[in-house]
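So the structure is just underneath, and the comments pick up after that.
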Amino acid sequence: MKKVNVVVVGATGAVGQEILNILDERSFPINNLKLCATSRSAGTEIEFRGQKYVVEETTPDSFTDMDIALFAGGKASLEFGPAAVERGCVVIDNSSNYRMDPEVPLVVPEVNPEDVTWHKGIIANPNCSTIIMVVALKPIHDAAGIKRVVVSTYQAVSGAGKEGIEELTEQVKAVLDGREYPPKKFAHQIAFNLIPHIDVFQDMDYTKEEWKMVKETRKIMHDNNIQVTATTVRVPVYRSHSESINIETERKLTAARAREILAQAPGVIVQDDVANNVYPMPLFTSHRDEVFVGRIREDNTIDNGLNLWVVGDQIRKGAATNAVQIAELLLKYDCLMEKK
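Residue numbers for the sequence shown follow UniProt numbering, beginning at 1 and rising by one.
Structure follows, in structure tokens:
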């Protein structure tokens, strides 16, 4: 692959740091690298491939002569995304700002890689829970057609950022010491608790996180007929989201056949040996790029039904790794923007 100029926006945050790790791990071909963040983080030094880089404050000129901009999330892409595109830089955005824009591809490389070819300067990275789910759904959909999905998520506190991790840690200490630690980041105590509430409540009393899974799944899978209903839950786990997924297919698919199909699917690792208590768990899927699937079994209440237990690292595959894979696709399909 030819070497390209890359700028990482939000380089000092958790996702930005993971993006840098993955760029290095995957030997992404970088000619010039620029690291940007808010004025508060400007001046921070970060080492990458043996070289120290000083983080700059993000401005429209940060994207001059750059080929790919990896935005780690937040509002930055709304403010600076158009400026990047104007300068001939392709934006890969981890926020929700552009996901449902019909002019913007929403891409999971194992599912709809070809969608990168019709970008108009911005490509959106889906919600972390959606990414993890559709990697497991795509091979099932291809084999038997998916009519309906019922998903319940069990989402780690790191999905809420550094503050979520700190709150769980400090609350656990406080509870064990018999002290009070009022919730700040979450609506209720997260230590030794589950909170069926992620993001704000919207239509029909579903949360924004739940609607993301509904709408994004249809867009990524190119099928508005797939019915999806979701319940998203925050759990006292540091890293890796888990999902219980019930699927109704158009054609019969046995558990054994589903297991075979998933074992051959890109980006999927099947861990399904219940006789020996083998199934995916956050403890062992953290810091991995694959989506792990287990507890594969037929739903005995309907003719064409399956149950899956799916786990994936939401910071890597659910955010940073997926973004870097999209950047790799831009080079594979040779669809960077022409400089003006």
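Glycine included, every Cβ here is placed at the ideal spot set by N, Cα and C.
Taking the C-beta atoms as reference points, Leu306 is found nearer than 9 angstroms to Ala255. Within the model, the alpha-carbon separation for Met204 versus Phe63 is close to 41 angstroms.
Under the DSSP assignment, Arg148 falls in the beta strand (DSSP E) whose first and last residues are Ile146 to Gln155. In the three-state reduction of the DSSP assignment, Cys36 falls in the strand class, which pools E and B. Taking a contact as a CB-CB distance under 8 angstroms, the pair Ile131 and Gly318 counts as one, their CB atoms being some 5 angstroms apart. Between Glu209 and Asp199 the beta-carbon gap is near 4 angstroms, inside 8 angstroms, which marks them as a contact. Within 10 angstroms of the beta-carbon of Val274 lie fewer than 16 other beta-carbons, which makes it exposed. Secondary-structure assignment with DSSP links Gly294 through a beta bridge to Trp309. According to the DSSP assignment, Lys52 belongs to the beta strand (DSSP E) that extends over Gln51 to Val54. For Asp303, same chain residues with a beta-carbon under 8 angstroms away, outside a window of 5 residues either side, are Lys252 in chain order. The way I'd put it, the stretch 43-62 does touch the stretch 80-100; three or more beta-carbon pairs between them come closer than 8 angstroms.
For the pair of segments examined, the stretch 136-144 was found to touch the stretch 264-279: the number of CB pairs separated by less than 8 angstroms reaches three. DSSP places Phe28 outside both helix and strand once states are collapsed to three, so it counts as coil.
Going by C-alpha positions, Glu338 is about 20 angstroms away from Ala124.
Under the 8 angstroms Cβ criterion, the stretch 105-122 does not count as touching the stretch 236-243, having fewer than three qualifying pairs. The beta carbon of Leu194 sits closer than 6 angstroms to those of Val233 and Val235, all from its chain and outside the five residues before and after it, given in chain order.
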